[in-house]
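Just so you know, we're using the working numbering here: the sequence shown kicks off at 480 and counts up by one. Since the structure comes first, as structure tokens, the remarks are kept for the end.
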Amino acid sequence: MSESKHISVHIARAPGEVYEYAKNPAHLPEWAPGLCSAVEREGDRWFAVSGDSRIELTFATDNPFGVLDHDVHLPTGEVFRNPVRVVPHDDGSELTFTLRRQPDMSDADFARDSALVLADLEALKRIVESR
């Protein structure tokens, strides 16, 4: 069984506000620059520019539960499933990303990916709280 790490931030905004901002793929380059520098929509499909690659992103349908799950489809055919939730917590929300350790990933690489995810979540927090 692969290792999972739950990475969370508290956001001083209602869950609905966090969800509405984060569910929009067009906002990804603003708060997740580690994933992509641009997004493009083609019909009902979303693509992200990530380094020299173009990756497809699929997202959970709109829902009242704060589920922001998304899959990243690499050009190699690999698919990375990313569980993400926004839930009520104290005077705001908790946003949690579940990072899955990939096979043969070193401790250093897993720690680096964890730090990148945390930086992205903190960026989303700053953006949503400043609105």
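Yeah, the Cβ is synthetic: ideal placement off N, Cα and C, and Gly gets one too.
- Boundaries of the beta strand (DSSP E) harbouring K484: S483 to I490, taken from the DSSP string.
- The beta carbon of E482 sits closer than 7 Å to the beta carbons of R580 from its chain, once the five residues preceding and following it are set aside; these are given in chain order.
- One alpha carbon belongs to V528, the other to W510, and they sit about 14 Å apart.
- DSSP places R524 in the strand class (E or B) of the three-state scheme.
- Per the coordinates, the alpha-carbon of R564 lies some 7 Å from the alpha-carbon of D548.
- Under a 10 Å Cβ-count criterion, A501 is classified as buried, with 16 or more other Cβ atoms of the shown protein chains found around its own Cβ.
- Contact check for S572 and A493: beta-carbon distance about 7 Å, within the 8 Å limit, so the pair qualifies.
- V488 and A602 have their C-alpha atoms roughly 10 Å apart.
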